[in-house]
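Presented below is the structure to which this report refers.
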Amino acid sequence: MTADHLVSALYPLSTPQREIWFDQMLHDGVPLYNIGGYVDLPGRIDPVLFEQAVNLLVRRHDSLRLWPTAERDADGLPLQAFVDPWPVRVPLVDVSGEADPEAAAQAFMRQRFEQPFALEGQPLFRYDLVKLADDHYYWLLQYHHLSIDGWGLALLNRSLAALYSDLACGCAPALETPSYGAYIADDQVYVKSAKFEQQRAFWRDHHPQPPEPLLTPFYRGQFGGALAGSGCESLTLPRAFYDCLGTLAESLGVSRFHVLLGGLYVYFARTGQCDQVTFGLPVLNRANGAYKQTAGLFINLSPVRFAFGRDLSFAELAKRIGATLRAVYRHQRFPASEIHRVARAEAGGARLFDVGLAHLNHDHDAAFAAIDGRFTLLYHAWEQVPFQLYVNDFHAGADVRLDFVFNLAYFTADEIRALQQRFRHVLETAVSDPHGQIASWTILPEAEHRQVLFDWNATEVEYPKDRCVHQLFEAQAERTPEAIALVFEEQILTYAQLNARANQLAHHLIGLGIRPDDRVAIGVERSLEMVVGMLAILKAGGAYVPLDPAYPEERLAFMLEDSAPVALLVHGATRERFAALAGDVPLVDLDADAAAWEELGATNPEPAALGLRPNHLAYVIYTSGSTGRPKGVMVEHRGVSNLVAAQIREFGLGPDSRVLQFASFSFDACVSEVFTALCAGTVLYLPSPETKLVGEALSSTIARHGLSHATLPPSVLATLPDGERL
């Protein structure tokens, strides 16, 4: 820029310009605020006449001649000046000779659109005329957002078309239009006014606490410390359906924008299980007719909080959205950065919104003489808001394009394509069921709903669903009666011996009146008796309740009271501890009372005679509980049989396998270890209670006993010696 280009006056940045300047400086060299697109001109454009029209456009609209200068204001921000018109050259890019002119044109425009603007001493717009054929051109138009917004962009498109048409027919074009300088002056008055402070108070009340993030940057790690780029996926809404949205809006007394916003609210409130959602919404911020005829940057971005919960109908939601926006629009001029500043005082610097919606229904289309121009919006590849939905309603009567622009740290293209179909499904549901409760709506479209619920769960395999889990053990004992089933220190039980001892105890329990679904507690240390007792309770028809003697007395007392067992099995090492806790519950001492069943029959109790079926309880196990109080989980035989069959298959267990019983008796992993091993015909190794199952001791135990399978938590695995092969 040379001195003779400058007009004498220097102007501060307007409030919307300040917003963009600050963010652009944080992303120096990134085309974060390149906006524009291209106009498809299917006819014989005169490039010379087109360039003349562009020069008249620059004379007509002074915002195209508003350049940042090297001068700074008291805050260190650039001052700007309206420069005199200069000869503007419009490059003609001829791709008509390419094998695929359309592809070549699109490639050129994408590359050109990613070029950043210099923000000092140069125009903040670029125009190119791309020739695809003698009778087909694209006008590529790019601006830095400092100089224009979406409304102004459409205004310039129509203005250039009118100028070209006037030149083509030999008419004298009108060049008088309002100056952007009037808005800059008005803005300086506004920021010092009482209204500014009143609007500050409104936004402080509107954001009383920080919003919870809607989205999580799952993929940020892929970019290291670099800035994540963005992508765009488009979805076409047929005009007939778009008109249905308009009919719905009219019936509810709201606008189509409110219906679209309601669809986004339903989607994110339901998928995020939240009762309030904040969206970033662009507002026109053109308060009078003159401003609506002024090209320049007026637009503001308002983070609007909608806290309606999920227990309401879509009709009510749309009406409440409309009422909220009417209140917000009275304060739309208040700068977005000031809203963030106000909210951050209480919000700890949190982002105020992750999702934005822009309904772009400006009239971009215009005739260049006899050639009807059709505008297409372009996007740069550096959008930093996680998700932006742009509704492109530019062409009357045509289908509507929805552009889903997403930051690559938050979404993949496949995820966005799935989101598109869900959003459309929500809108279809709104049309068909506007008075239905949104909490009851199915968010997934039918195909995805079927895939998630049925296709992905089509994992059914055959397993012995008609047999109790102890019957699977009995069948194994019949197949390999002499094979070793249990090893505990120096003690060994074969499958036949284990089955016989469990049967004898089971007959004793049956004699005590144990019936299906009766809970029988068992509080023993790891031992042969532990496994015998578990099997015996199941064979008698009861459900065992494992009580780890190492648990605190208060926890054991609660588990006994809550499960209400009809009997409690103990042995010599635990009798005294549990006698004080048992109250009126009968004790069965597996050591001292053994004579009572050692002479009983060793045959398998018949489940049918007991009325025992696979849908009866097998055990009740207590979790830690999210509230701190243990919670009893009841598990049926068929569930255990399913688990056993699956793990035998997946773990490759067989007669040559040797399984470590590692888990606490009261932990559900113990169920897997014991029954998977015994139903597969393997050897189950039971370490003594004193054995330390960590580090060198664990490694030694595994090696000494030739164990092939062990279920260990990561914290224990980490204690094994480095380089240890198991």
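Quick note: the sequence shown uses our numbering, first residue 49, plus one each step.
All C-beta atoms in this analysis are idealised placements derived from N, C-alpha and C, irrespective of residue type, glycine included.
{"Item": "What is the rounded straight-line gap between the Cα of Phe606 and the Cα of Pro259?", "Value": "40 angstroms"}
{"Item": "Among Val141, Phe161 and Arg113, which one has its Cα closest to the Cα of Leu80?", "Value": "Phe161"}
{"Item": "Can you tell me which of the three DSSP states Ala457 falls into?", "Value": "coil"}
{"Item": "What do you reckon, are the CB atoms on Asp323 and Arg358 nearer than 8 angstroms?", "Value": "yes"}
{"Item": "With a threshold of 16 other CB atoms inside 10 Å of the CB of Ala406, please say whether the residue is buried or exposed.", "Value": "buried"}
{"Item": "By DSSP, does Pro149 sit in helix, in strand, or in coil?", "Value": "helix"}
{"Item": "Output needed for Asp565: all residues of its chain with C-beta closer than 7 angstroms, excluding positions within five of it in sequence on either side, in chain order.", "Value": "Ala591, His664 and Leu665"}
{"Item": "Going straight from the alpha carbon of Gly273 to that of Gln246, what length do you get?", "Value": "40 angstroms"}
{"Item": "Pick from Asp176, Ser575 and Ala495: whose alpha carbon is nearest that of Arg158?", "Value": "Asp176"}
{"Item": "Do you know offhand how far Ile387's Cα is from Tyr228's?", "Value": "24 angstroms"}
{"Item": "Roughly how many angstroms lie between the CA atoms of His75 and Pro261, to the nearest whole one?", "Value": "23 angstroms"}
{"Item": "Can you find at least 3 beta carbon pairs, one from the segment 644-651 and one from the segment 538-554, that sit closer than 8 angstroms?", "Value": "yes"}
{"Item": "So who's on the other strand from Glu281, going by DSSP bridges?", "Value": "Phe452"}
{"Item": "If you check the beta carbons only, do Ala461 and Gly279 fall under 8 angstroms apart?", "Value": "yes"}
{"Item": "If you follow the beta strand (DSSP E) that Thr542 is in, where does it begin and where does it stop?", "Value": "Gln539 to Thr542"}
{"Item": "Just to confirm my understanding: we take Leu701, look at its own chain, exclude 5 residues before and 5 after, and list those with CB closer than 6 angstroms. What are they?", "Value": "Ala728 and Thr730"}
{"Item": "What does a CB cutoff of less than 6 angstroms around Tyr458 pick up in its chain, not counting 5 residues either side in sequence?", "Value": "Leu263, Pro265 and Pro434"}
{"Item": "How would you write the range of the beta strand (DSSP E) that Gly631 sits in, first residue to last?", "Value": "Gly631 -> no beta strand (DSSP E), and no H or E assigned at all."}
{"Item": "Nearest by alpha-carbon distance to Ala129: which of Ile196, Leu61, Ile83 and Ala166 is it?", "Value": "Leu61"}
{"Item": "Less than 8 angstroms between the C-beta atoms of Ala525 and Tyr511, yes or no?", "Value": "no"}
{"Item": "Helix, strand or coil, according to DSSP, for Glu394 in the structure here?", "Value": "Confidence in Glu394 is poor, its pLDDT being 47 and thus under 50, which makes the residue's placement unreliable; the coordinate value appears in the next sentence. Note: Glu394 maps to helix in three-state DSSP."}
{"Item": "Candidates Met578, Ala444 and Ala418: which alpha carbon is nearest Asp94's?", "Value": "Ala418"}
{"Item": "Looking at C-alpha atoms only, which residue of Leu408, Glu431 and Pro286 is the closest neighbour of Asp402?", "Value": "Glu431"}
{"Item": "Give the DSSP-derived three-state secondary structure of Ile669 in the structure shown.", "Value": "strand"}
{"Item": "Using the rule of at least 16 other Cβ atoms within 10 Å of the residue's Cβ for burial, across every protein chain shown, is Glu394 buried or exposed?", "Value": "A caution first: Glu394 carries a pLDDT of 47, below 50, which makes its placement in the model too unreliable to give a value."}
{"Item": "Please look up how many angstroms separate the CB atoms of Gly687 and Phe471, rounded, as I've assumed it's under 8 angstroms.", "Value": "Their Cβ separation, rounded to whole angstroms, is 38 angstroms, which puts Gly687 and Phe471 out of contact at 8 angstroms."}
{"Item": "Can you pull the DSSP bridge partners for Glu684?", "Value": "Leu665"}
{"Item": "Could you round the C-beta distance between Ile232 and Tyr59 to whole angstroms and report it? I think they count as a contact, below 8 angstroms.", "Value": "5 angstroms"}
{"Item": "In the DSSP output, which residue or residues are listed as bridge partners for Phe327?", "Value": "Val352 and Val403"}
{"Item": "Quick check on the DSSP output: the beta strand (DSSP E) that includes Leu188 runs from which residue to which?", "Value": "His184 to His192"}
{"Item": "Going by C-alpha to C-alpha distance, which of Ala343, Gln341, Leu373 and Ser303 sits closest to Val331?", "Value": "Leu373"}
{"Item": "Assign Thr507 to buried or exposed, taking buried as 16 or more other Cβ atoms, counted over all protein chains shown, within 10 Å of its Cβ.", "Value": "exposed"}
{"Item": "Can at least three beta-carbon pairs, one atom from the segment 515-531 and one from the segment 599-619, be found at a separation below 8 angstroms?", "Value": "no"}
{"Item": "Tell me which same chain residues have a C-beta within less than 6 angstroms of the C-beta of Met582, skipping the five on either side of it?", "Value": "Tyr592"}
{"Item": "By the DSSP assignment, the alpha helix (DSSP H) with Gly39 in it spans what residues?", "Value": "Residue numbering for the chain in the displayed model covers 49 to 774; residue 39 lies beyond these limits and cannot be assessed."}
{"Item": "Going by alpha carbons, who is nearest to Leu768 out of Leu760, Glu744 and Arg752?", "Value": "Glu744"}
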